[in-house]
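Asks: Below: one structure in structure tokens.
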Amino acid sequence: MTTTKTPLTQMKSWKSLADHYTTIGDVHMRTLFADDPGRGERLTAEEADLFFDYSKNRVSDETLKLLFDLADESGLRERIDAMFSGEKINITEDRAVLHIALRAPRDAKIEVDGENIIPGVHEVLNRMSAFSKRIRSGEWKGYTGKPIKNIVNIGIGGSDLGPVMAYEALKHFSERTLTFRFISNVDGTDFAEAVHDLDPTETLFIVASKTFTTLETMTNANTARNWLLGALDNAEDSIAKHFVAVSTNAEKVSEFGIDTANMFGFWDWVGGRYSMDSAIGLSTMLAIGPENFLEMLDGFHRMDEHFRTAPWDKNLPVLMALLSVWYGNFFGAETVAVLPYEQYLKRFPAYLQQLTMESNGKYITLNGSPVDYSTGAIYFGEPGTNGQHSFYQLIHQGTRLIPCDFIAFGKSLNPLGSHQDMLVANVFAQSEALAFGKTEDQVKAEGTPDWLVPHRVFEGNRPSNTILADELSPSVLGQLIALYEHCVFAQGTIWQINSFDQWGVELGKQLAKQIIPELESDDLPELKHDSSTNNLIRRYRAAKEK
Ligand code: G6Q
């Protein structure tokens with residue numbers, strides 16, 4: 185299936201932006217702020233608990249107008265409506281894209297193939313809540329009668345990154361008598377280290393896999409089963425007490441030996457990297473409790489409604505998306521740094537790496553033709569202030585333009601003396617330094633010797649957004665995630681790509697399946713790869729035998 189649409193670079197608004205870039209591209213933010221002193225208050229937007237300051241960007245009102253024209257000409261409004269109404273916009277997999285249904289209220293109505301999917305969503309949420317209460321209260325007992333103390337999520341990619349990130353982000357709200365671990369890598373070390381101090385009789389495994397066929401997850405799940413059975417005299421009926429599954433594939437779940445009564449389902453209209461608020465978030469609910477989980481869903485929903493209804497100039501995800509397109513396609517920026525000044529968000533950049541790059545790392549348009557412009561940027565980041573003592577140098581004085589998203593909070597969940605003031609002072613100092621820099625005259629006025637002056641000049645004009653909220657809560661986390669989810673979709677819409685498939689991960693998976701027996705067989709089989717791969721396989725086999 186293909187869609188007909190004016191190619192991006194032939195759109196009127198695109199051409200106007202290209203023209204406009206020649207006049208504004210070099211204008212310094214010092215000038216933009218000097219000419220418009222109210223800019224810092226004006227170029228802001230607010231929704232739910234998030235305050236968004238986008239004034240420190242290389243844009244004028246004209247730039248914004250042209251970017252909004254681009255959103256219109258790209259049919260963004262229609263695409264948003266199509267997504268929310270359950271149209272199968274993931275055309276290469278013939279699927280609707282309805283993560284927004286996972287957080288829709290009970291009385292909402294969204295149809296897929298003629299069926300309202302909302303009652304099913306709430307039915308699973310109810311089952312997750314009932315199960316979480318049984319585990320958290322100690323009512324659910326392991327095979328030997330002991331309550332569960334350890335919860336181990338086994339999953340990878342979308343079935344791991346969201347749960348890990350959310351657990352870390354909301355640790356403050358978590359039940360501290362429970363221990364949470366996450367196993368994703370097929371590297372045996374991940375499993376060994378995760379369970380080395382755990383008692384199998386007090387451990388519950390959540391096998392989280394949409395397909396229930398993923399090599400890494402099934403390998404780890406089998407190892408977990410053997411680990412448990414090894415401690416319980418191979419009592420197969422212990423599995424029901426120590427394993428639950430989160431999946432769309434009931435058949436494979438029961439083949440593995442998990443009672444489907446202990447399975448929490450979701451649907452093919454939830455993409456892996458958009459699934460942390462589905463049953464894939466069971467570990468999150470076990471950690472923070474059903475009420476907090478529902479509060480998080482409410483935060484997502486508030487951002488969903490905002491994205492669906494707000495005009496572009498107030499629409500946080502759309503503003504973020506348009507700014508990133510502006511830098512990526514007109515300034516040649518290749519990356520975006522996400523810099524949360526909140527230790528609990530330490531895994532947020534890693535989570536966003538998948539959300540952004542697996543979604544928008546595509547060079548083929550919805551029409552099936554190659555793009556002639558850049559698409560998805562490289563997202564990376566670390567929590568502040570740590571990053572400042574590491575890679576920020578390149579953002580300040582390197583040769584590349586790296587737009588930054590700073591995320592900061594008014595209050596700390598762990599108030600300690602003046603820590604929070606110091607933390608937040610650093611956020612504001614960074615965005616100020618990036619935007620305005622330090623001129624040669626300023627450096628000289630400090631008495632710097634002439635030869636050292638060029639090294640100490642900061643040219644500035646480096647853009648950033650600042651997202652400010654009062655405090656990190658389950659709802660605020662939901663708002664932040666939905667903000668980036670919708671930003672990704674808006675970017676993908678402008679680039680005319682499908683943000684919801686991931687064919688790029690397939691080839692490596694297929695080849696690995698072919699290579700596994702070549703590493704495991706007793707005798708060296710005939711190798712038919714290229715000379716490099718053949719040689720590496722031989723070296724590995726030799727190393728194994730040493
Ligand atoms: C996400 C991707 C991918 C997926 C994992 C795990 O959008 O599709 O990261 O989540 O490969 O897949 P399963 O949940 O099927 O094991």
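Taking the working numbering, I'd label the letters of the sequence shown as residues 185 to 730. We put the CB at the ideal spot given by N, CA and C, even for glycine.
With a threshold of 8 angstroms (Cβ to nearest heavy atom), would Y668 be considered close to ligand 1?
Replies: No, ligand 1 has no heavy atom inside 8 angstroms of this Cβ.
Asks: Do you know how far the Cα of T395 is from the Cα of Y458?
Replies: Approximately 15 angstroms, taken between the alpha carbons.
Asks: According to DSSP, S648 sits in a beta bridge with which residue or residues?
Replies: Its beta-bridge partners are C588.
Asks: So does I340 have its beta carbon nearer than 8 angstroms to some heavy atom of ligand 1?
Replies: True, at least one ligand heavy atom lies under 8 angstroms from that Cβ.
Asks: Does the distance from the C-beta atom of F389 to that of V336 stay below 9 angstroms?
Replies: Contact flag set, yes.
Asks: Give me the Cβ distance between Y563 and V522, rounded to the nearest whole Å; I'm assuming they're in contact under 8 angstroms.
Replies: Confirmed, Cβ separation roughly 6 angstroms.
Asks: Using alpha carbons as the reference points, say which of A619, S602, L695 and S368 lies closest to G224.
Replies: Among A619, S602, L695 and S368, the Cα nearest to that of G224 belongs to A619.
Asks: Return yes when the C-beta of K394 is under 8 angstroms from any heavy atom of ligand 1, and no when it is not.
Replies: For ligand 1, at least one heavy atom lies less than 8 angstroms from the Cβ of K394.
Asks: State the Cα-Cα distance for the pair M185 and R723, rounded to the nearest angstrom.
Replies: Annotation note: pLDDT 46 at M185 (below 50); position unreliable, coordinate value reported separately. Roughly 45 angstroms separates the two Cα atoms.
Asks: Considering only the alpha carbon of each residue, which of H573, A424, H485 and A202 lies closest to Q663?
Replies: Nearest option by C-alpha distance: H485.
Asks: Do F642 and A609 have their C-beta atoms within less than 9 angstroms of each other?
Replies: In this structure, A609 does not lie closer than 9 angstroms to F642 by Cβ.
Asks: Below 9 angstroms between beta carbons: does that hold for K546 and W453?
Replies: No. Outside cutoff.
Asks: Would you say the beta carbon of S343 is closer than 8 angstroms to some non-hydrogen atom of ligand 1?
Replies: Flag set: Cβ of S343 near ligand 1.
Asks: Which one or two residues does DSSP pair with T519 in a beta bridge?
Replies: DSSP output for T519 lists I562 as bridge partner(s).
Asks: In whole angstroms, what separates the C-alpha of R725 from that of L708?
Replies: Distance between the alpha carbons of R725 and L708 is about 8 angstroms.
Asks: F389 bridges to which residues according to DSSP?
Replies: According to DSSP, F389 bridges with V336 and F427.
Asks: Within the continuous alpha helix (DSSP H) that includes F620, where are the two ends?
Replies: Counting along the chain, the alpha helix (DSSP H) containing F620 begins and ends at H603 to F620.
Asks: With respect to 8 angstroms, is the separation between the Cβ of S467 and the closest non-hydrogen atom of ligand 1 below this value?
Replies: It does not: the Cβ of S467 is nowhere closer than 8 angstroms to a heavy atom of ligand 1.
Asks: In terms of alpha-carbon separation, which member of R226, V243 and D237 lies closest to H212?
Replies: Of the listed residues, the one whose Cα sits closest to H212 is V243.
Asks: To the nearest angstrom, how far is the alpha carbon of S558 from that of T519?
Replies: Their Cα atoms are separated by approximately 11 angstroms.
Asks: Which runs of the beta strand (DSSP E) spanning at least 3 residues fall entirely within the stretch 301-384, listed in chain order?
Replies: Counting whole runs of 3 or more residues, the stretch 301-384 contains the beta strand (DSSP E) stretches 334-338 and 363-367.
Asks: Any idea what DSSP makes of I294, helix, strand or coil?
Replies: I294: coil per DSSP, three-state reduction.
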